[in-house]
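Each residue of the sequence shown is one higher than the one before, starting from 66 at the first, in this note's numbering.
Where a beta carbon is used, it is the ideal one built from N, C-alpha and C, also for glycine.
Small disclaimer: the values here were computed from a predicted structure and weren't measured.
So the structure is just underneath, and the comments pick up after that.
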Amino acid sequence: MTRSFLSASVIVALIAVAAPTATHFAVVKSTPSSNQTVAQVPRRIQIWFSQVPVEAVSQIKLTGADKAEVALGKVVADKESKSIYADLTAALRPGGYIVSWRSAGDDGHVQTGEIKFTFTPQKQ
Ligand SMILES: [Cu+2]
């Protein structure tokens with residue numbers, strides 16, 4: 066076996082492994098968006114995915130810079146828009162926040178991720 070044949074085989078194998086990931090359950094967009102600075106408290110945290118999210122395993126958690134969890138309303142999975150969302154009922158202090166989400170798509174594999182945003186109220 067020549068070296069070039071071997072590396073070609075390795076590349077083919079890597080593509081074969083990587084291919085299913087391309088169609089995997091993934092975040093399409095969110096509000097707030099990743100690394101966004103918002104001037105007003107968002108009324109709702111919403112994350113859109115590439116597949117219909119499974120409500121039973123869907124979670125949204127919001128934590129502040131002090132690691133304190135911010136209360137959110139019930140997490141809803143919307144089939145039509147392929148999104149999950151939760152309404153924000155509490156007031157936010159200015160600062161950095163992390164949205165931690167958990168959900169699954171067609172193959173049922175639970176995925177997790179984080180979306181960071183910053184709340185900087187506009188000075189009056
Ligand atoms: Cu999967």
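Residues bridged to residue i [DSSP beta-bridge criterion]
i      : result
GLU145 : Partner(s): none; GLU145 has no beta bridge.
VAL135 : LEU127
Inter-residue Cα distance where the pair is residue i and residue j
i      : j      : result
VAL135 : ILE180 : 15 angstroms
VAL122 : THR183 : 27 angstroms
LEU137 : PRO186 : 20 angstroms
ILE24  : THR177 : Any property of residue 24 remains undetermined from this structure, which presents the chain solely from 66 to 189.
GLN105 : GLY129 : 15 angstroms
LYS132 : PRO159 : 14 angstroms
VAL103 : LYS144 : 27 angstroms
Residue i vs residue j beta-carbon contact at 8 angstroms
i      : j      : result
SER165 : PRO118 : no
ALA91  : PHE114 : yes
LYS147 : GLN111 : no
ALA142 : GLU120 : yes
### Message
Beta-carbon distances below 5 angstroms to any heavy atom of ligand 3 define the shell here; list its residues in chain order, please.
### Response
In the structure shown, ligand 3 is absent; the only ligands present are ligand 1.
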